[in-house]
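Beneath this line is the structure, given in structure tokens, with notes to follow.
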Amino acid sequence: MSVGKNEPRRDGPAKLTGRALYLDDVAIPGCWHGVTVRSTVPHGKIKSISYDPSFPWDECVVVTAKDIPGKNLVALIEADQPLLADGIVRHREEAIVLIAHADRATAYEAAKRVKIEYEALPPVFDMEKSEKIFKSFLISRGDLDAGFAAADVVVTGEYRTPSQEQAYIENNAIAAYEEDGVLIVTGSLQCPYYVLKAMKQIFNRGEDKIRVIQTVTGGGFGGKEEYPSMLAGHAALLALKAGRPVKIVYDRHEDMAATTKRHPAVVRHRTGLTKDGKLLAQDIEVVMDGGAYATLSAVVLSRGTLHAAGVYECPNVRVKSKVVMTHTPPNGAFRGFGAPQTLFAVELHWEKIADALKIDSLTLRQRNIFKLGSTTATGQHLLESVGAEECLQKTVKNSKYAAKRKEYDRWNKNPKNPTWKGIGLSVCHHGAGFTGSGEVYLASRAGIALTKTGELIVLAASTEIGQGTNTMFAQVASDALGVPASWFSVETPDTHKVPDSGPTVASRTCMIVGGLVSRATKDLKRAFEAEHGRVPRTTAELKKAAAALCQGAPARRFEVQYEKPPDVTWDDATYRGDAYGVYSYAAIVVDLEIDKLTYEVRVRKVTTAQDIGKAINPLLAEGQVIGGSTQGLGWALLEEPIFKDGVMINATFTNYVIPTSLDTPPFEVILVEKPYSRGPFGAKGVGELPMDIPGPAVAAAVKHATGRLIPTLPQTPERISRALQ
Amino acid sequence: MRGDAKSMTVLSPRSAAEAVKTYAKVPTALPLAGGTDLMVGWNLGQLNGRAVLDLSRVAEWRRIKVVGDGVDLGSLVTHAQIQAHPVLRKRFPLLVAACATVGAAQIQNRGTIGGNIANASPAGDTFPALAVYEATVRVIGPNGRRAVPMSEIFAGVKKTTLKPGELIEAVFLPFPDQTPTRGVFRKVGTRAAQAISKTMFAGLIWTAKNGELADARLAFGSLAPTVKRLYAVEGFLRGRRLTDVSIAAAAELMTNDVSPIDDIRSTREYRLIVSRNLLIAFLKGEVK
Ligand SMILES: Cc1cc2nc3c(=O)[nH]c(=O)nc-3n(C[C@H](O)[C@H](O)[C@H](O)COP(=O)(O)OP(=O)(O)OC[C@H]3O[C@@H](n4cnc5c(N)ncnc54)[C@H](O)[C@@H]3O)c2cc1C
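As you go down the protein sequences, you meet chains A and B in turn.
Under the working numbering, the first residue of the first sequence is numbered 1, with each subsequent residue one higher.
Under the working numbering, the first residue of the second sequence is numbered 1001, with each subsequent residue one higher.
Pasting the structure below:
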């Protein structure tokens, strides 16, 4: 048995020793360097593009929108984002001209010699003033007016969260070249088939004439979900025009300034309760800033909307949400995908309600939290794997939450103490897999190949981006077949070698694609049993069996496709039904201390219990929890992209401050395993869950420490000091 | 990475004298010590086409020398070397504390005291300590040597008063006549390491037997284009007792000497509030 064991991470040693090569370090013979000339106004008509005549342009290849053979479009959900701005620019740092040169420095120099003149158009930066709505949703349950009419108290609140940079260790990078009539695109990316889809439209080519291959990828966090499609288009345009390979590697500043970030959001709550804290009505309004193009905004908003009411049962709910256009670089996928924004609001709102009702927020949560059999705002009945209460209870107990609240109250009363101490709590759910009918549309495929020499190869387009995909696949396949995990290798995601198992996003890789791998491996197992008499027990026997099963062919593939569970129903039109197949759950307690002189916050301890169904690899799962929570703490306390005239002005790691290892507190992670009958070995999703709720727990702890509820992230020393003046 | 090594030339003098001579010949060259500031510009492509005067072979500038009346820090002495030196730890603890807050271990191992000063960032972390210890910057150039008091070395943001062809040779720290009664260095950044200071404070006080303040030296960094000694506050406090009233008055006077701004790292309001808090707490003996 491999599932449940801490198999070492397969990509670990190469990354640890530096043997793993990011694209920037991969030598491609004859490769030129591509650079991008970007807009310097947030909104305007392009009047002219001119090239400094003193520069040797004949050494370069230059590409503009005119060079695009197919559609000038980065195909995603809406057909609105051009690959290269043509006529109008709608945000700062929008790509207009591409240049490639044999020498990287000369390419950058060439970019400086391009002059673009604009006729300025008025920009909109304030999402609340934008009139262009990309998408809106409405969820309603019960009778809101009746709920408020019956309420003893009504509590309102407004909560704001900022954008956030993914801050992966490797910047965006893609190379392209043509080989035997096939356009090859290779680089740092999460979703090879998304890139393929975009490339088909840009180049009017069939799938056989385009091949997308992932290279070792230094993190994604959503930042390499949709953006690589744009970059791949750019690199391929240059490569085809130059007739040679071209590589585009962003530097950190360009990556931060030009690529996608988390959607900033404002969320308003009006909540009606009985005097002992039973929820009667939740009226919630969500506005998100999509930036200049729709990209993934509709689905980010969808997830945000579906998580907005929190992990609580309430008979009367209305969630109204919209994502709007502003003249800033498009916001996009980021771990949590809209949920951290709305969960921040619903969770911190409990602190306000607690003040109004004079009942502590833990008790209030306990009175309303989802249990087995609860019904969500979309009318979904939670019939299995509901670990919310257990997570809450374990987190509260292990963190000594109740005792510490009292202890810190006493500490904070003594003016001689140099700090204020606070402890804060939050709880959440996170839908695993695509929303609603998403998984049905995706119709993902994955499989296993048995070569005639007895190699076992997992075939999936899911990418290893540092989260442990390859290790997990081997463990799942190992147990499905009943042979050691070391017998399996995992194919490089390459659209000419692996089937489309959907994007590596939405906490779906283990639960959905791992499930497919498990099913495919079981087909292989049946084939072994039928054609060889049993599953091989030694590698020598495996070789013999493989030869028999392959019958002279080089390999035999066992592929399966996603099948919708029959009892899962969802209506996109009314937003009612089973929004997700299942939810993961988490609770977190953040224990912190604030310096009275400087208002600097030090997180002393994080205790968190997370119900992920089954930990295929507990150590990897714990790594996800600690990493994701730390990213959440960064968003809660430090990180804030600052925009001026539509462009991020702190687009460097000097001034965009993410936590260092010294800022990472001690963690106690409790894995709760409430198995999900349809996940492989009971597994649900873990990738995004830990990112969801450090924010509100920090804000609650700051409130406990200082007595001030700051409804905005990040809770910087500046904000805390201002709140205390 | 926009730096282009092949467009650059590297000059490698082997001694102080040779460094000065080479620099005089190529006055546009950029001195390179630890490179922790310079390489940031390299990464942005700002050094392309330039000559670099690599000081790494000037061995005499790597030494810490304890002399009769103080300590002479060669300009190439690193933040890590300073922290490890027993005499500095004992006699100049504020500088040692400041060096321990520069960047993180990697930066402290490479970054030098000379580079820190020559870079002249408003947020240079060693400056408040150097200011209250009344250090002198020893400079060598085509016209020989001169000593520049810490209070005169900076001309503004990222600007020193070094003349063309001049290099920093050393920093001299005089032993205080009397051991201070109390001393504190405090840096306020955003995170536990790799933080650029929003404000930083260094303070030394000497109290007389009768309880009056014999002397005070107080300095803030990051609150003005250059490090600021609080001369007005120091003058006010001299000869007074530290009481709630005199301390409050001192805190009010402080704003005459500093002029913090709103920028991408913090706000004027926060910098003022926190700096005042630090000053008051220091004078009250409540900050360590
Ligand atoms: C990640 C990071 C974190 C940092 N954190 C901090 C911090 O917390 N606090 C802080 O104060 N600084 C910080 N710095 C800045 C820098 O590390 C320090 O200023 C360091 O002391 C510079 O020394 P150096 O030897 O590396 O300088 P270099 O980069 O070699 O030189 C800096 C400048 O000084 C000039 N120069 C160097 N030596 C001489 C000389 N002898 N005579 C004349 N000119 C000379 C150079 O031409 C250049 O202009 C940080 C830098 C980085 C990259």
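A virtual CB, placed ideally from N, CA and C, is assigned to each residue, including glycine.
Segment limits, alpha helix (DSSP H) that includes residue i
| i | result |
| --- | --- |
| residue 693/A | Element bounds for residue 693/A: n/a, residue is neither H nor E. |
| residue 347/A | 339-357 |
| residue 255/A | 252-258 |
| residue 195/A | 192-203 |
| residue 528/A | 514-532 |
| residue 229/A | 227-242 |
| residue 1149/B | Run containing residue 1149/B: none in the alpha helix (DSSP H); it sits in the beta strand (DSSP E), 1144-1149. |
| residue 21/A | From DSSP, residue 21/A is part of no alpha helix (DSSP H); its letter is neither H nor E. |
| residue 382/A | Taken as a continuous stretch (DSSP letters only), residue 382/A belongs to no alpha helix (DSSP H), as it is neither H nor E. |
| residue 1269/B | 1268-1284 |
| residue 1083/B | 1079-1084 |
| residue 1253/B | 1244-1254 |
Beta-carbon gap between residue i and residue j smaller than 9 Å
| i | j | result |
| --- | --- | --- |
| residue 597/A | residue 1258/B | no |
| residue 234/A | residue 63/A | yes |
| residue 187/A | residue 228/A | yes |
| residue 165/A | residue 230/A | no |
| residue 1199/B | residue 1157/B | no |
| residue 606/A | residue 588/A | yes |
| residue 323/A | residue 125/A | no |
| residue 796/A | residue 281/A | Residue 796/A is absent from the model: chain A starts at 1 and stops at 725. |
| residue 1/A | residue 692/A | no |
| residue 585/A | residue 674/A | yes |
| residue 1008/B | residue 1050/B | yes |
| residue 213/A | residue 183/A | no |
| residue 373/A | residue 381/A | yes |
| residue 128/A | residue 266/A | yes |
Residue i: first and last residue of the uninterrupted beta strand (DSSP E) it sits in
| i | result |
| --- | --- |
| residue 715/A | No beta strand (DSSP E) contains residue 715/A, which DSSP labels as neither H nor E. |
| residue 1009/B | 1009-1011 |
| residue 282/A | 279-291 |
| residue 269/A | 265-273 |
| residue 136/A | 133-141 |
| residue 1170/B | 1167-1174 |
| residue 101/A | 95-101 |
| residue 1051/B | 1051-1054 |
| residue 467/A | Counting along the chain, residue 467/A falls outside any beta strand (DSSP E), and DSSP gives it neither H nor E. |
Presumed contact (8 Å Cβ cut-off) between residue i and residue j, rounded CB distance
| i | j | result |
| --- | --- | --- |
| residue 583/A | residue 336/A | That pair is no contact at about 14 Å. |
| residue 1078/B | residue 1101/B | Between residue 1101/B and residue 1078/B the Cβ distance is about 14 Å, and since that is not below 8 Å, they are no contact. |
| residue 520/A | residue 559/A | 6 Å |
| residue 1139/B | residue 1171/B | Between residue 1171/B and residue 1139/B the Cβ distance is about 10 Å, and since that is not below 8 Å, they are no contact. |
| residue 493/A | residue 445/A | That belief does not hold up - the Cβ atoms of residue 493/A and residue 445/A are roughly 13 Å apart, past 8 Å. |
For residue i, the residue or residues it bridges with in DSSP
| i | result |
| --- | --- |
| residue 177/A | 184/A |
| residue 247/A | 33/A and 175/A |
| residue 428/A | 586/A |
| residue 595/A | 419/A |
| residue 558/A | 448/A |
| residue 51/A | 114/A |
| residue 1066/B | 1071/B |
| residue 602/A | 593/A |
| residue 325/A | 291/A |
| residue 1185/B | 1202/B |
| residue 1229/B | 1219/B |
| residue 1156/B | 1159/B |
At a CB distance below 7 Å, what residues from the segment 617-638 of chain A approach chain B? Give them in sequence order. Using a CB distance below 7 Å, the part of the segment 617-638 of chain A facing chain B consists of 638, ordered along the chain.
Members of the segment 648-671 of chain A that neighbour chain B once the beta carbon cut-off is set at 7 Å: Within the segment 648-671 of chain A, the qualifying residues are 649, 650, 654, 655, 657, 659, 660, 662 and 663.
Short-range partners of chain A found in the segment 1258-1272 of chain B, where Cβ spacing is below 8 Å: The residues in question are 1264, 1265, 1266, 1267, 1269 and 1270.
Closer than 8 Å, Cβ to Cβ, to anything on chain B: give me those residues from the segment 707-724 of chain A, in chain order. 716, 717, 718, 721 and 722
Between the segment 240-266 of chain A and chain B, which residues of the former have CB atoms less than 9 Å from a CB of the latter, in chain order? Close to chain B, meaning a Cβ-Cβ distance shorter than 9 Å, are the following residues of the segment 240-266 of chain A: 249, 251, 252 and 253.
What residues in the segment 101-114 of chain A have a beta carbon less than 9 Å from any beta carbon of chain B? Identification of residues in the segment 101-114 of chain A having a C-beta nearer than 9 Å to some C-beta of chain B yields 103, 104, 105, 106, 108 and 109, given in sequence order.
Name the residues in the segment 305-339 of chain A whose C-beta lies less than 8 Å from a C-beta of chain B; which are they? none
Please name the residues in the segment 1191-1213 of chain B whose beta-carbon is closer than 7 Å to at least one beta-carbon of chain A, in chain order. 1191, 1192, 1193, 1194 and 1196
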